[in-house]
Amino acid sequence: MTRTGRRPGTSDTRDQILAVARRRFATRGYDATSLRGIATDAKVDPALLIHYFGTKEGLFTAATGLPAGLSVLFAGEQDQTPRAFAETLVRSYLRFVDSDQSRNAILALVRSAVSNEKAAAMLREFLTAELLPVIAARTGHENAPLRASLVAAQLMGLAMLRHVVRLDQVARATPDEIVALVAPVIEHYLR
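Just so you know, we're using the numbering used here here: the sequence shown kicks off at 2 and counts up by one.
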């Protein structure tokens, strides 16, 4: 018999639900993920998901909430040369997407964006608010927004091939190897 309501034990139930939701959204995308499936994996009553998050969309938003300070992470070294900034950007981005929590959040957004307009809008909003302004500020070109978008495409493609497609050479490459090869391309966009 399934017990309803709050499960006994510690008050980390909300965090446990979020961890399960991140994994589910990251591996299955928005449309193929159900509240019931998340509740089953988290060993809670589905009503508890509604209690904490309201709707599936609310849970998705909470599960894929990327850190608001990401732009600060990428903007940290504004006085660097374009080459040093490109290297720092790629290295910071790899640390971000290679960490378990961040990787699941960004992969959930990327996978879901393919099949769900709300997820695509969330990914656009994230890129527009957090990443593109930092990158665009690094170049004086009149087409700075386009250049920043191409940098974002390079970085998102890297995450996609490394963690979704798991292209062997990209997935196995060390951060140093990737930085050495990708940073010059990013630098090109910034010059």
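Ideal placement from N, C-alpha and C gives every residue a C-beta, glycine not left out.
What is the DSSP secondary structure of THR41, reduced to helix, strand or coil?
Working through the sequence shown from its first residue, we reach residue 41 at position 40. Looking at THR41 - three-state DSSP - the assignment turns out to be helix.
Any idea if SER116 is buried or exposed, counting beta-carbon neighbours within 10 angstroms, 16 or more meaning buried?
Residue mapping note: residue 116 aligns to position 115 of the sequence shown, counting from 1. Per the 10 Å Cβ criterion, exposed.
From ALA43 to PRO146, what distance separates their C-alpha atoms?
As a first step, residue 43 must be located in the sequence shown, where it is residue number 42. As a first step, residue 146 must be located in the sequence shown, where it is residue number 145. Cα to Cα, ALA43 sits roughly 42 Å from PRO146.
Rounding to the nearest angstrom, what Cα-Cα distance links VAL45 and TYR53 in this structure?
Here residue 45 is taken as the residue at index 44 of the sequence shown, counted from 1. Here residue 53 is taken as the residue at index 52 of the sequence shown, counted from 1. Looking at the two C-alpha atoms, the distance is approximately 12 Å.
Three or more C-beta pairs under 8 Å: does that hold for the region 20 to 29 against the region 105 to 122?
yes
If the criterion is Cβ atoms closer than 8 Å, does the pair ALA109 and ARG23 meet it?
On the sequence shown, residue 109 is found 108 positions in, with the first residue counted as 1. On the sequence shown, residue 23 is found 22 positions in, with the first residue counted as 1. Contact flag set, yes.
Which of the three DSSP states is assigned to SER100 in this structure?
The residue you call residue 100 lines up with position 99 of the sequence shown. The answer is coil: DSSP assigns SER100 none of H, G, I, E or B.
Do PHE97 and ARG139 have their CB atoms nearer than 8 Å?
Stepping through the sequence shown from its first residue, residue 97 is reached at position 96. Stepping through the sequence shown from its first residue, residue 139 is reached at position 138. Contact: no.
Residue range of the alpha helix (DSSP H) that includes HIS189:
As a first step, residue 189 is located in the sequence shown; it is residue number 188 there, counting from the start. Start and end: 176 to 191.
Using 8 Å as the threshold, is the C-beta distance between GLU178 and PRO83 below it?
Translated into positions along the sequence shown, residue 178 becomes position 177. Translated into positions along the sequence shown, residue 83 becomes position 82. No, the pair does not count as a contact, with Cβ atoms beyond the cut-off.
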